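Worksheet for the structure shown next.
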Amino acid sequence: MPTDINRNIVAVSGPRDAEWQLLESLRSAHASGPGQLKPGVLVITASGALRRRLARRIAEDRNGAVLGIEVTTLSTVVGRLLAREADVEQPTEWFELIVRRALADQLKNLEPPLAFDDAAGSLVSSVRDLISAGLEPELADDLAQLAASPNAAIVVKAAASCLRELRRLHVGRNSERMRRATEILRDSGHQVLNDRRVFILGFADAPGRTTAFLRGLIEITDARLLLEMPQSFGRGSEQAVRALPGRFARNLGFADLPTPPSAERWPALAAFDASGRSATARELMWRLRETIDAGRRPEDIVVGLRGMETWA
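Residue numbering for the sequence shown follows the working numbering, beginning at 641 and increasing consecutively.
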């Protein structure tokens, strides 16, 4: 476990900067000798699309594909931790049915009563959010007393009842799988993850149980979190723009927010003048051609347009 968790967070200006920081870390480790990459490196991403991109960028970098570097998603890591667990199954379509049953006895107590046909359906998402946020049945009564209205208290109690039934039937919602995976991680995470160096990218926020799992990864594996701290452009103060990642960092246990990224690593912006849409299109095509001829892959180029109708 790291002695100073605050050294495990690095501020980046965005996805490009996170990618650059990761590649620099791998280059430095490779330059220090092959032993620096033992027993391996695990890069954990928030999505499959980011996983595929980072895997390609690592393979294309000057060191090429290096044995021992794995890029995977958070859900895959959770699946590995639960691979030998028989008591937490994959999420199923049972969830909504169980929620509706848990709500059935509570709806008649709502004031005013919900008279429309699918009253329970309107509350399913609220129950789902409570469970994802980390609700525990033992806390339901206390939370219900703190609820802003009797109706809100009823939803809390219904969510607790639903969660008890989910556990009894071994129906594993994602949040429940995260809870169990966090327990396994804290019990035997080093053995499951083989003591590899861990990098975490692509997360700006997460539900309660996912945040708890990420915090466990950082504490148990000494993982390095690359957190996007965007710069304010136009309206909005820097403080407002960074409020969300700042809160996420605090929820992960970081007492001190990371230093904002240097402006030197921000991508350069360029503008051009063109008379009319046709001239703009020609100039854009020329610039795209120059960029591709200079070695940039077409898959790495993004063109943002106000609308596609007149450009198709």
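Cβ atoms here follow ideal geometry from the backbone N, Cα and C, with glycine treated the same way. Fair warning: this is a prediction, and the values are worked out from it, not measured in the lab.
My understanding is that residue i touches residue j, with C-beta atoms under 8 Å, so please give their C-beta distance in whole angstroms.
{"i": "Pro847", "j": "Glu868", "result": "The pair is not a contact, with the Cβ atoms about 18 Å apart (cut-off 8 Å)."}
{"i": "Leu825", "j": "Gly856", "result": "5 Å"}
{"i": "Leu763", "j": "Leu743", "result": "6 Å"}
{"i": "Glu923", "j": "Ala914", "result": "5 Å"}
{"i": "Pro679", "j": "Asp835", "result": "6 Å"}
{"i": "Gly654", "j": "Pro870", "result": "6 Å"}
Residues in the same chain with beta-carbon distance under 8 Å from residue i, minus the five sequence neighbours each way, listed in chain order, please.
{"i": "Ala658", "result": "Val652, Leu841, Gly842, Leu866, Glu868"}
{"i": "Val650", "result": "Gln661, Arg864, Leu865, Leu866, Leu867, Pro898"}
{"i": "Ile738", "result": "Cys802, Glu805, Leu806, Leu809, Val811"}
{"i": "Thr643", "result": "With a pLDDT of 44 at Thr643, under the threshold of 50, the modelled position of this residue cannot be trusted; read the value that follows with caution. Correct list: empty, nothing qualifies."}
{"i": "Met641", "result": "Any reading at Met641 must be qualified, since the residue scores a pLDDT of 46, below 50, and its modelled position is unreliable; the value itself is stated next. Within the same chain, Met641 has close Cβ partners Glu859, Ile860, Asp862."}
Would you call residue i buried or exposed, if buried means 16 or more other Cβ atoms sit within 10 Å of its Cβ?
{"i": "Ala852", "result": "buried"}
{"i": "Phe912", "result": "exposed"}
{"i": "Asn648", "result": "buried"}
{"i": "Glu816", "result": "buried"}
{"i": "Met818", "result": "buried"}
{"i": "Ala910", "result": "exposed"}
{"i": "Ala788", "result": "exposed"}
{"i": "Ile941", "result": "exposed"}
{"i": "Leu770", "result": "buried"}
{"i": "Ala669", "result": "buried"}
{"i": "Val767", "result": "buried"}
{"i": "Ile932", "result": "exposed"}
{"i": "Leu945", "result": "exposed"}
{"i": "Leu666", "result": "buried"}
{"i": "Arg887", "result": "exposed"}
{"i": "Val711", "result": "buried"}
{"i": "Leu707", "result": "exposed"}
{"i": "Ala919", "result": "exposed"}
{"i": "Ala889", "result": "buried"}
Can you name, in chain order, every residue of its own chain whose Cβ lies under 7 Å from the Cβ of residue i, other than the five neighbours on each side?
{"i": "Ala755", "result": "Caution is warranted here: a pLDDT of 46 is assigned to Ala755, below 50, making its placement in the model unreliable, and the coordinate value is therefore given only provisionally. Closer than 7 Å at Cβ, skipping near neighbours: no residue."}
{"i": "Ala821", "result": "Val718, Leu721, Leu722, Phe853"}
{"i": "Ile833", "result": "Going by the sequence as given, residue 833 is Leu instead of Ile. Cβ within range, chain order: Leu682, Thr861."}
{"i": "Glu736", "result": "Val764"}
{"i": "Asp845", "result": "Leu884, Phe888"}
{"i": "Glu939", "result": "none"}
{"i": "Asn891", "result": "Thr851"}
Starting from residue i and walking both ways along the alpha helix (DSSP H), at which residues does that stretch end?
{"i": "Val683", "result": "Premise fails: Val683 lies in the beta strand (DSSP E), 681-685, not in any alpha helix (DSSP H)."}
{"i": "Val706", "result": "Counting along the chain, Val706 falls outside any alpha helix (DSSP H), and DSSP gives it neither H nor E."}
{"i": "Ala773", "result": "Element bounds for Ala773: n/a, residue is neither H nor E."}
{"i": "Asp657", "result": "655-671"}
{"i": "Asn791", "result": "790-809"}
{"i": "Ala780", "result": "780-786"}
{"i": "Arg946", "result": "Arg946 -> no alpha helix (DSSP H), and no H or E assigned at all."}
{"i": "Ser918", "result": "916-933"}
{"i": "Arg691", "result": "688-700"}
{"i": "Leu857", "result": "848-861"}
{"i": "Leu714", "result": "714-721"}
So, for residue i: in the same chain, excluding its five sequence neighbours on each side, which residues have a beta-carbon less than 6 Å away from its beta-carbon?
{"i": "Arg849", "result": "Gly774, Ser815, Met818, Arg819"}
{"i": "Arg837", "result": "Val681"}
{"i": "Ala793", "result": "Ala784, Ala787"}
{"i": "Asp701", "result": "Leu663"}
{"i": "Asn703", "result": "His670"}
{"i": "Arg936", "result": "none"}
In the DSSP assignment, the beta strand (DSSP E) including residue i goes from what residue to what residue?
{"i": "Leu866", "result": "864-868"}
{"i": "Arg837", "result": "837-841"}
{"i": "Ile649", "result": "649-652"}
Kindly examine the ligand NAP and report whether one of its heavy atoms sits closer than 7 Å to the Cβ of residue i.
{"i": "Leu690", "result": "Of ligands this structure carries none, so the ligand NAP is not represented either."}
Can you find a CB in chain B that lies within less than 8 Å of the CB of residue i?
{"i": "Leu884", "result": "Reference to chain B is not applicable here, since this structure consists of a single protein chain."}
Given 8 Å, three or more beta-carbon pairs between the region 683-701 and the region 793-809: no
At least three beta-carbon pairs within less than 8 Å, the region 706-715 to the region 676-688: yes
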